[in-house]
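Q: Numbering (this note's numbering), first residue to last: 1 to 398.
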Ligand SMILES: Cc1cc2nc3c(=O)[nH]c(=O)nc-3n(C[C@H](O)[C@H](O)[C@H](O)COP(=O)(O)OP(=O)(O)OC[C@H]3O[C@@H](n4cnc5c(N)ncnc54)[C@H](O)[C@@H]3O)c2cc1C
């Protein structure tokens, strides 16, 4: 459908999702232009995440997230191996630290089974065979979780896009459709294409509005801050240790992740960022704040989560002692002295006017346009799947 009418496509956003759709389109013979406002590929969410290849156990069976992360887990590992990108399938342990968490752990095990993710419930002693320092009454062992280097995945994709027109430091400034062509204004002139794909992450709702869409969802930026274990304490963690997530919250809870270089990262937490790309408390944008404050969903979200969840997250963000205490629930030997501040990432989370957070990946289509309006975790894991799906959609919009 429409494949012969799509010869050129403009992709806005050079994170892992934008590059993956550019790759998928190029492989189908389309001439692609990628516009990225920063001077490097994958500068924002893709370059500031936990570098985990998720297995797909958390997500609602049948959702895009569930389907695309289970197959994405396999395709991302395969892609990395084929392209010489460092990857290690080290498995992870989801840890119940008290008897109250056992029902939720069992639900998670059932969800894993429904999603086709190999996972097994293990007792305290078995959990300690995987992670000797862990405090578990029971745990879920997931073998297919891995660790990877997502910026290196982006570099490999860029390497495959030799035929494409790749433009760094080129923000999309305005978008309109004229005579069956989508025109994107940049500082260096207009880029024309038969169709447009918006993969602008933290700015995806704005780019959609720029293109004439009125998306219901608004992006709310949630910062996730990380600490790192001091190198002489990194032996406390062998692989990946996660808490049992609270099913009413959208994020997985602070966890311990061994990285490919052997360092152990701890985090991320979740606090509202005061700027779309606000990596520190002092990064404030009055325009972004006003945008968030004017959206009715923000206040409804605040009523639901501000107290005690949001309040506790802020206190943990400001207090290393509290951060260490959250980690010590998983690994009691971790103390405040073991932690060194590391980076932060900002999640682009779509919020609806009723105050609910969009759980699944969200894509909206317009004439000759495809907009990715919610691609939070595990979208890096699922990038190749999302890319193929978006490429298919492009042909149906023309
Ligand atoms: C703290 C954190 C931890 C995470 N951990 C994991 C994990 O372990 N595993 C996992 O699978 N996922 C994880 N994720 C999620 C994952 O990082 C994202 O889902 C994924 O990177 C989204 O990719 P993207 O290309 O949509 O967005 P981005 O990487 O944010 O790319 C969007 C790009 O669009 C560009 N852009 C915006 N506006 C314009 C414009 N007007 N013109 C041109 N360019 C524009 C931006 O500069 C940016 O480079 C995590 C995310 C965060 C924040």
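Just so you know, even glycine gets a beta-carbon here, dropped at the ideal spot from N, CA and C.
In this text, all values refer to a predicted model and were calculated from it rather than measured experimentally.
Please report the residue range of the beta strand (DSSP E) in which residue 151 lies.
A: No beta strand (DSSP E) holds residue 151; the alpha helix (DSSP H) holding it covers 150-160.
Q: Please classify residue 84 as buried or exposed, where buried requires at least 16 other C-beta atoms within 10 Å of its C-beta.
A: Residue 84 should be labelled exposed.
Q: Is any beta-carbon of chain C found at less than 8 Å from that of residue 326?
A: The structure shown contains no chain C, having only a single protein chain.
Q: For a test of the three-state rule: what should DSSP assign to residue 49, helix, strand or coil?
A: Reduced to three states, the DSSP call for residue 49 is coil.
Q: Would residue 346 and residue 278 qualify as a contact pair, given that the criterion is a beta-carbon distance under 8 Å?
A: For residue 346 and residue 278, yes; Cβs fall inside 8 Å.
Q: Short check: CB of residue 87 to CB of residue 15, under 8 Å?
A: Result no, Cβ atoms of residue 87 and residue 15 do not sit closer than 8 Å.
Q: Scan the region 173-211 and note each continuous beta strand (DSSP E) run of 3 residues or more that stays entirely inside, going in chain order.
A: Runs of the beta strand (DSSP E) inside the region 173-211: 174-178, 181-186, 189-193, 195-198.
Q: Could you pull out every residue in the same chain whose Cβ sits closer than 7 Å to the Cβ of residue 39, ignoring the five residues on either side in sequence?
A: 168, 169, listed in sequence order.
Q: Look at residue 175 and residue 202 and say whether their C-beta atoms are less than 8 Å apart.
A: Result no, Cβ atoms of residue 175 and residue 202 do not sit closer than 8 Å.
Q: What residues in its chain sit with their C-beta under 6 Å from that of residue 54, if we drop five residues either side in the sequence?
A: Here the set comprises 69, 378, 381.
Q: Considering only their Cβ atoms, is the gap separating residue 260 from residue 338 smaller than 8 Å?
A: No, the Cβ-Cβ distance between residue 338 and residue 260 is not below 8 Å.
Q: Within 10 angstroms of its Cβ, does residue 1 collect 16 or more other Cβ (buried), or is it exposed?
A: Annotation note: pLDDT 48 at residue 1 (below 50); position unreliable, no value reported.
Q: Quick one: residues in its chain with C-beta nearer than 7 Å to the C-beta of residue 288, no 5 flanking neighbours on either side, listed in chain order?
A: Excluding sequence neighbours, residue 288 sits near 275, 276.
Q: Leaving out five residues on either side along the sequence, give the residues of the same chain with a beta carbon under 7 Å from the beta carbon of residue 341.
A: Same-chain partners within the cutoff: 227.
Q: Just checking, does the region 6-13 make contact with the region 32-49 on the three C-beta pairs under 8 Å criterion?
A: Contact between the region 6-13 and the region 32-49 is present, because at least three Cβ pairs lie under 8 Å.
Q: With C-beta atoms as the reference, is residue 331 less than 8 Å away from residue 135?
A: Contact: yes.
Q: At a cut-off of 7 Å, would you count residue 45 as near ligand 1, judging by its Cβ distance to the nearest heavy atom?
A: Flag set: Cβ of residue 45 near ligand 1.
Q: When every heavy atom of ligand 2 is checked, does at least one fall within less than 7 Å of the C-beta of residue 16?
A: Looking at this structure, you won't find ligand 2 anywhere; what it does contain is ligand 1.
Q: Does DSSP put residue 1 in a helix, in a strand, or in coil?
A: Note on residue 1: pLDDT 48, under 50, position unreliable in the model; the coordinate value appears next. Coil at residue 1, not helix or strand.
Q: In the DSSP assignment, find the unbroken beta strand (DSSP E) run with residue 92 in it and report its ends.
A: That run of the beta strand (DSSP E) goes 92-96.
Q: Which value, in whole angstroms, describes the spacing of the CA atoms of residue 273 and residue 101?
A: Cα to Cα, residue 273 sits roughly 30 Å from residue 101.
Q: Could you check what DSSP says for residue 33 in three-state terms: helix, strand or coil?
A: Reduced to three states, the DSSP call for residue 33 is strand.
Q: Per DSSP, what are the beta-bridge partners of residue 121 in this structure?
A: Bridge partners of residue 121: 140.
Q: For the beta strand (DSSP E) that residue 342 lies in, which residues bound it at each end?
A: Note, residue 342: beta strand (DSSP E), 339-351.
Q: Is residue 304 close to ligand 1? I mean its beta-carbon at under 7 Å from any heavy atom of the ligand.
A: Because no heavy atom of ligand 1 lies under 7 Å away, the Cβ of residue 304 does not count as near it: no.
Q: For the alpha helix (DSSP H) containing residue 288, list its first residue and its last residue.
A: Run containing residue 288: 286-294, per the alpha helix (DSSP H) assignment.
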